[in-house]
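In structure tokens, the structure reads:
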């Protein structure tokens with residue numbers, strides 16, 4: 001029966017036990033033109049939450065209109081965690097709202113600076129092991145537009161301490177990012193209702 | 207700024223307003239060899255829950271080992287709904303546990319019969335408009351194995367009443383299923399850590 005599992009092509013000679021290999025940090029990229037890149041990243045967040053992981057979500061595209069459902073649920077899951085100790089803590093930051101840790105309000109104009117500052121904050125958090133899982137939503141775009149230095153990202157990911165999982169989404173992922181990422185999935189559009197002139201649906205798109 | 211949106215290739219001459227077109231029922235299939243098919247389906251469930259939709263999840267592959275995180279969160283969301291009225295109700299049924307509506311315990315042997323019975327129950331529910339969203343997880347396999355008649359599925363989907371969204375996952379989706387589906391996304395594996403001999407990770411795979 002299909003299980004979605006892949007047989008190891010080889011067993012590494014790394015001296016680790018199976019149990020140790022199950023606790024390795026993962027980097028994942030969801031890319032491609034199709035739907036489901038962010039949706040699958042937030043789905044991964046459900047598993048992490050249920051394992052009690054501390055989750056940081058960082059959204060890199062200004063309008064967060066289409067993610068309100070996920071944001072509402074994860075904020076609710078964070079409240080549950082605070083009230084009952086169940087699951088993990090969740091922080092949700094949006095570039096479009098000037099990042100919540102930023103002293104000043106975000107300006108409409110300087111997206112590039114906002115993105116660069118956001119990345120610097122994430123880098124500080126990674127180096128301080130602030131979260132167990134980072135969801136960097138639509139992170140490929142500020143890299144593509146040159147607002148965030150891909151070499152700095154690669155270096156930070158490669159040398160991050162501890163067991164921090166990093167999940168990144170967006171089209172046109174930089175080849176350097178792909179190279180240092182463990183799990184890369186491409187979402188391809190086969191058919192889309194909007195091609196037939198249909199509109200985004202309540203409960204589906206937001 | 208990329209928004210993941212697709213410009214309509216054409217505007218249909220269907221006499222509907224934009225508002226009406228936003229309330230049309232959607233069928234979606236997540237297929238392909240890559241990760242994220244089910245994960246993105248459950249991510250879609252978050253949005254639906256937040257819109258107050260009644261969700262029915264039906265898992266068609268016996269071992270549900272890898273979905274415990276999602277199941278735990280959705281059961282919690284259902285409890286929240288029952289306690290506070292927030293979000294929508296969620297029912298979660300697993301073929302491996304003999305379907306919870308079934309009178310008898312599921313036998314280990316007769317997967318084909320379990321799958322066929324599961325589909326009959328789903329069909330009854332669709333015809334009765336029991337849920338707003340159906341997540342039919344790994345539904346393509348019993349179709350592929352001939353346990354569920356694809357023509358019956360196609361007919362049921364095409365003629366379903368009301369505004370019920372149907373999300374289906376699994377590899378090798380039948381071309382007839384693709385044909386009647388509005389939104390088809392293929393998840394393609396570009397890179398997978400298990401190829402390098404790595405194990406499934408706690409908080410990532412389950």
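Chains as they are written, first to last, in this note's numbering: chain A, 1 to 206; chain B, 207 to 412.
Glycine included, C-beta positions come from ideal geometry on N, C-alpha and C.
Close beta carbons around residue 262 (chain B), own chain, < 6 Å, minus the five adjacent residues each side: 297, 337 and 340
Option nearest residue 250 (chain B) by Cα separation, candidates A:51, A:36 and A:188: A:36
Members of the stretch 378-390 of chain B near chain A, C-beta cut-off 8 Å: 384, 387, 388, 389 and 390
Beta strand (DSSP E) segments (min. 3 residues) lying fully within the stretch 219-305 of chain B: 233-237, 261-265 and 296-300
Per-residue DSSP class, three states only, for residue 4 (chain A): Any answer about residue 4 (chain A) is weak, because its pLDDT of 41 lies below 50 and its placement is not dependable; what the coordinates show is given next. The answer is coil: DSSP assigns residue 4 (chain A) none of H, G, I, E or B.
Terminal residues of the beta strand (DSSP E) in which residue 371 (chain B) lies: 371-375
Cutoff 8 Å: residue 208 (chain B) Cβ touching any chain A Cβ: Here residue 208 (chain B) scores only 41 on pLDDT, less than 50, and its place in the model should not be relied on; the value that follows carries that caveat. Answer yes: the Cβ-Cβ gap between residue 208 (chain B) and chain A drops below 8 Å somewhere.
Rounded straight-line distance, which links the Cα of residue 355 (chain B) to that of residue 59 (chain A): 43 Å
CA-to-CA distance, residue 157 (chain A) to residue 305 (chain B), given in whole angstroms: 43 Å
Straight-line Cα distance separating residue 168 (chain A) from residue 110 (chain A): 22 Å
Against chain A: residues of the stretch 242-268 of chain B by CB proximity under 7 Å: 242, 245, 246, 248, 249, 250, 252, 253, 254, 255, 256, 257, 259, 267 and 268
Residue interval of the beta strand (DSSP E) (run including residue 392 (chain B)): 389-397
Cβ pair residue 346 (chain B), residue 239 (chain B) closer than 8 Å: no
C-beta atoms of residue 101 (chain A) and residue 121 (chain A) nearer than 8 Å: yes
Neighbouring residues, chain B, relative to residue 116 (chain A) (Cβ below 7 Å): Near residue 116 (chain A) there are no residues of chain B at all, since even the closest Cβ is about 16 Å away, more than 7 Å.
Run of the beta strand (DSSP E) containing residue 343 (chain B), from where it starts to where it stops: 339-343
Where residue 379 (chain B) sits in the DSSP three-state scheme: coil
Coil, strand or helix - residue 335 (chain B) by DSSP: coil
Cα-Cα separation between residue 371 (chain B) and residue 89 (chain A), rounded to whole angstroms: 31 Å
Straight-line Cα distance separating residue 128 (chain A) from residue 191 (chain A): 43 Å
Pairwise C-alpha distance: residue 232 (chain B) and residue 365 (chain B): 13 Å
Collapsed DSSP secondary structure at residue 352 (chain B) in the structure displayed: coil
CB contact below 8 Å: residue 146 (chain A) versus chain B: no
Members of the stretch 276-289 of chain B near chain A, C-beta cut-off 9 Å: 276, 277, 278, 279, 280, 282, 283 and 286
Spatial distance of residue 283 (chain B) from residue 147 (chain A) (CA atoms): 38 Å
Proximity test, Cβ basis, 8 Å: residue 30 (chain A) and chain B: yes
Chain A contact for residue 212 (chain B) (CB, 8 Å cutoff): Confidence at residue 212 (chain B) is low in this model, with a pLDDT of 41, below 50, so the placement of that residue should be treated as unreliable; the coordinate-derived value is given next. Output row for residue 212 (chain B): interface = yes.
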